[in-house]
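Chains as they are written, first to last, in my numbering: chain A, 27 to 414; chain B, 27 to 414.
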């Protein structure tokens, strides 16, 4: 397999973009990435788009072709990948494989979602399509309630507290305040998070990521050819993916994600590293409990100790594994098809030294992005390494 | 890039399956393909699913994970590819690239759609998401009307007749009568097709492919390793894809598909063949005019002469290019996410000599499958070659 590098990144602000369409979001993010990569449209050979539910949100499928059309790059091949909230991550992985295979040298990855054109209720129903329609959605489950079940069990088994979960929100929002692309740039105190109303007990409003519009884009290139375009290439040294049952009830455990464990084991093998070697992590904090479970499942702390790890500063800028320095899904926002690509962008920014100075981790060389679909039925991991 | 072969095929009957769910369809097709390939579930390394609009049709996204779950093969990575009615074709192409890259040796491809759980009106709206929501659907266009525009222009420019289009339906339905998996096994006379009511003038009911439920599955393997599983492997000697504008109005031509031309040129180069070398074709006849345009754009006859070519027996079993010997989308049915995979299956059956004896082309060695998304914004081509 050929080595693959990221040579350009671009994204829109994540927000409620009442004045922009899905097409506008795609154009803005893609053009920024193309400019950042210093490629011409004639260099591009294919487009891999991640999008979860444009059919439900805006009545439009065929999102790959729409991206090629909007960018004016027909007849380039373009496809859409979908794996719920991991759609962006799998698009990145498919793009990576297409270059690794030798089929293409330079490709664009785009993640996008326009979620605010429907009511909040319709958005919740569309999102529930990430879970199990027959076993969960049909019976009234929504995503906050599914993650609330995991949180409650984690509290029961390991003594994790609501305060520890709330602390994830506090830390992520503190980081997000410095991120110009973040939907929410207001820091919150622990008291404010604890006093925000229950959405699905024990999860409160400020334990949950928001509904957002946004797009994010990456330009990938063979590592060999990347030098032609940039002197700041970031190599993808591992790309792994795993699945689990669509619904919660059939799993081995409710206090972690088996898919994350499997993908992580493979990723560390592929990259020939251990968790200790990772300098910066963007993990999928769709709910605060998800961040605590991810830290455990990725091997950054022991099972059940994620809450204490957060409390003791393990995820801080100077901690064992600086996590979600961007603000995470919590503060940056969560346009579901875009988040997997956005996570990768924020890791790349850290490795290039391009993060806001307040959240830039010093001398970060190796970073990881962790993208989850649904309640863990899809997990995609990428490990990135600075090559300059 | 490593060479890739098809080692197993399986499909459900395409039909209105009131008693079966999306999961049931996936299970049936996949298990048949797994058995046909003689692989164990431990041999499988990944799943690539094609599905267009399950969010709209059954309220379920995350179809890749659902496939892995339903087959009980967690934690295997599984993704869904979407490119409207070319979703199955792009899933096949992504699976092909994943093996060509060296990432996997054995993978499953699945295409599926469950379309009859919603009203015909809602199905038409969901399908219109394959076109341009803003320029076409919003203004009232449906797919029959979009293809009717192409048909009318083809008639105007080249003198193509309604009888010539109707003849495609007659021939495809005559072939489909022998196909046990076909939704419609009744032959129709030219008079019957001509007397079926207009859906969108000049296209009549029997010029249109139906709304269908169904699933289709392929098992792919490196050509080198394929010998371990079968002595009837069929190699994929070309896999190409191209895009065009999502909506009709911005195209160079309305009487053909530029995407098909581009993908065909590349496919003949990759396979190192010319159209004359192709022994059997499954082409995307969502409407009869689409079959006429495809014959021209693929180079089997000159531009504008597709109608006459069909009339003169060019697509018959003993003609220049035996086409849609399965019955095509017209007779087999068109569960949109499954058709691209089903087309590939029917080419493989021809090359293995496994087609019904009435429609088996003698000594077929090279075959092509042609899969179109929307009105041509995505085109995927695969060329297959018998390796025994």
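Where is the CB? At the ideal position from N, CA and C, for every residue including glycine.
Nearest neighbour of residue i, chosen from the options [CA to CA]
i                      : options                       : result
residue 39 of chain A  : A/211, A/192, A/76 and A/130  : A/211
residue 263 of chain A : A/295, A/279 and A/313        : A/295
residue 372 of chain A : A/208, A/280 and A/335        : A/208
residue 385 of chain B : B/165, B/158 and B/206        : B/206
residue 13 of chain B  : B/281, B/391 and B/265        : Since the first residue shown for chain B is 27 and the last is 414, residue 13 of chain B is missing from the structure and cannot be characterised.
residue 144 of chain B : B/300, B/238 and B/293        : B/238
residue 272 of chain A : B/313, B/102 and B/63         : B/102
residue 415 of chain B : B/351, B/257 and B/323        : Residue 415 of chain B cannot be examined here, being either before or after the span of chain B that is shown, 27 to 414.
residue 149 of chain B : B/124, B/180, B/78 and B/201  : B/78
residue 280 of chain B : B/329, B/393 and B/267        : B/329
residue 138 of chain A : A/180, A/56, A/197 and A/189  : A/56
residue 234 of chain B : B/254, B/191 and B/246        : B/191
residue 246 of chain A : A/121, A/278, A/172 and A/323 : A/121
residue 82 of chain B  : A/226, A/159 and A/172        : A/159
residue 255 of chain B : B/62, B/49 and B/109          : B/62
residue 218 of chain A : A/240, A/51, A/194 and A/183  : A/194
residue 184 of chain B : B/53, B/220 and B/331         : B/331
residue 396 of chain A : A/338, A/293 and A/128        : A/293
residue 241 of chain A : A/367, A/319, A/252 and A/355 : A/367
residue 285 of chain B : B/380, B/320 and B/253        : B/320
residue 92 of chain B  : B/47, B/299 and B/203         : B/47
residue 267 of chain B : B/278, B/289 and B/250        : B/289
Short CB-CB distance (under 8 Å) between residue i and chain A
i                      : result
residue 16 of chain B  : Summary: the structure shown does not reach residue 16 of chain B, with chain B confined to residues 27 through 414, and so no result is reported for it.
residue 396 of chain B : no
residue 323 of chain B : no
residue 408 of chain B : no
residue 165 of chain B : no
residue 271 of chain B : yes
residue 88 of chain B  : yes
residue 288 of chain B : yes
residue 27 of chain B  : yes
residue 296 of chain B : no
residue 355 of chain B : no
residue 237 of chain B : no
residue 404 of chain B : yes
residue 34 of chain B  : no
residue 82 of chain B  : yes
Exposure of residue i, with buried meaning 16 or more beta-carbon neighbours within 10 Å
i                      : result
residue 224 of chain B : exposed
residue 310 of chain A : buried
residue 383 of chain B : exposed
residue 317 of chain B : buried
residue 307 of chain A : buried
residue 376 of chain A : buried
residue 199 of chain A : buried
residue 265 of chain A : buried
residue 186 of chain A : buried
residue 412 of chain B : buried
residue 287 of chain A : buried
residue 163 of chain A : buried
residue 322 of chain A : buried
residue 314 of chain A : buried
residue 54 of chain B  : buried
residue 51 of chain A  : buried
residue 43 of chain B  : buried
Within-8 Å CB hit, residue i to chain B
i                      : result
residue 247 of chain A : no
residue 173 of chain A : no
residue 285 of chain A : yes
residue 159 of chain A : yes
residue 78 of chain A  : yes
residue 279 of chain A : no
residue 123 of chain A : yes
residue 134 of chain A : no
Quiz prompt | the region 336 to 343 of chain A contacting the region 161 to 177 of chain A, beta-carbon criterion three pairs below 8 Å | solution = Because the criterion of three Cβ pairs below 8 Å is not met, the region 336 to 343 of chain A and the region 161 to 177 of chain A do not touch.
Practice problem: Assess, as a yes-or-no matter, whether the region 107 to 115 of chain B is touched by the region 124 to 134 of chain B under the definition of 3 or more beta carbon pairs within less than 8 Å. | Solution: Touching, no, given that fewer than three Cβ pairs across the two stretches are closer than 8 Å.
Self-check item: Minimum length 3: unbroken beta strand (DSSP E) runs contained in the region 262 to 342 of chain B
Solution: Taking only runs of at least 3 residues, the beta strand (DSSP E) segments lying wholly in the region 262 to 342 of chain B are 306 to 308.
Exercise. Please determine if the region 405 to 414 of chain A and the region 147 to 159 of chain A are in contact, where contact requires at least 3 C-beta pairs separated by less than 8 Å.
Key: Contact fails: fewer than three Cβ-Cβ distances are below 8 Å.
Self-check item: Every unbroken alpha helix (DSSP H) inside the region 123 to 199 of chain A [4 residues or more]
Solution: Taken in chain order, the complete alpha helix (DSSP H) segments of 4 residues or longer contained in the region 123 to 199 of chain A are 146 to 154 and 169 to 184.
Self-check item: Against chain D: residues of the region 95 to 117 of chain A by CB proximity under 7 Å
Solution: No chain D appears in the structure shown, which is made up of the protein chains A and B.
Quiz prompt | the region 229 to 236 of chain B / the region 80 to 100 of chain B touching (three or more Cβ pairs under 8 Å) | solution = Not touching, per the Cβ criterion.
Quiz item: What beta strand (DSSP E) runs, 3 residues minimum, are completely inside the region 375 to 414 of chain B?
Solution: Positions of the beta strand (DSSP E) runs, each at least 3 residues long and wholly inside the region 375 to 414 of chain B, are given as 392 to 399 and 404 to 412 in order along the chain.
Practice problem: Kindly provide the ranges of any beta strand (DSSP E) runs that are 3 or more residues long and lie completely inside the region 49 to 116 of chain A, ordered along the chain. | Solution: Secondary structure within the region 49 to 116 of chain A: the beta strand (DSSP E) runs of 3 or more consecutive residues, fully enclosed, are 72 to 76 and 104 to 108 (chain order).
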